[in-house]
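Residue numbers (the UniProt record's numbering): 1 to 119. Think of the CB as a built atom: it goes at the ideal place given N, C-alpha and C, for glycine as much as any other residue. This report refers to the structure that appears directly beneath it.
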């Protein structure tokens, strides 16, 4: 049993990712696939994936977010009515804008006098 564990250790230590695998990991991570499924696609353990491909995973996510942000920005700066919701979304998420709701309760003097309030 101990010999079997040592041979597994050697496989982990000698794993060398190639360019094709790196590209595949980057693409799958950018599409939002969880690391568990990316590891299955490469036929490796998730621990090996995280050890050897952590930068590729990060880069894939960054590149995907960059593409979406670029497209969102292009939509937001168009001069048509369809771009308004996109511009509002951009302002809220990127510029920190928010909608504020103010609730005001106004009671007339007549209504106030009819209320049974103790002072």
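Burial state of residue i (16 or more Cβ within 10 Å)
i           : result
residue 68  : exposed
residue 96  : exposed
residue 91  : exposed
residue 62  : exposed
residue 102 : exposed
residue 41  : exposed
Residue i and residue j closer than 8 Å at C-beta
i          : j          : result
residue 20 : residue 56 : no
Close Cβ partners of residue i (< 6 Å) along its chain, the five nearest in sequence each way excluded
i          : result
residue 60 : 26, 29 and 30
residue 87 : 76
Cβ neighbours of residue i in the same chain (closer than 7 Å, five flanking residues each side left out)
i          : result
residue 12 : Residue placement at residue 12 cannot be trusted, given a pLDDT of 48 that sits under 50; what the coordinates show is reported in the next sentence. Here the set comprises 48.
residue 17 : 52 and 53
residue 36 : 46
Neighbourhood of residue i by C-beta distance below 8 Å, restricted to the same chain and skipping five residues each side
i          : result
residue 44 : 15
Worksheet item: Can at least three beta-carbon pairs, one atom from the stretch 41-59 and one from the stretch 80-87, be found at a separation below 8 Å?
Response: Touching, no.
Fill in: Cβ contact check for the stretch 55-67 and the stretch 29-36: 3 or more pairs under 8 Å
In this structure the stretch 55-67 lies against the stretch 29-36, because at least three pairs of beta carbons, one per stretch, are closer than 8 Å.
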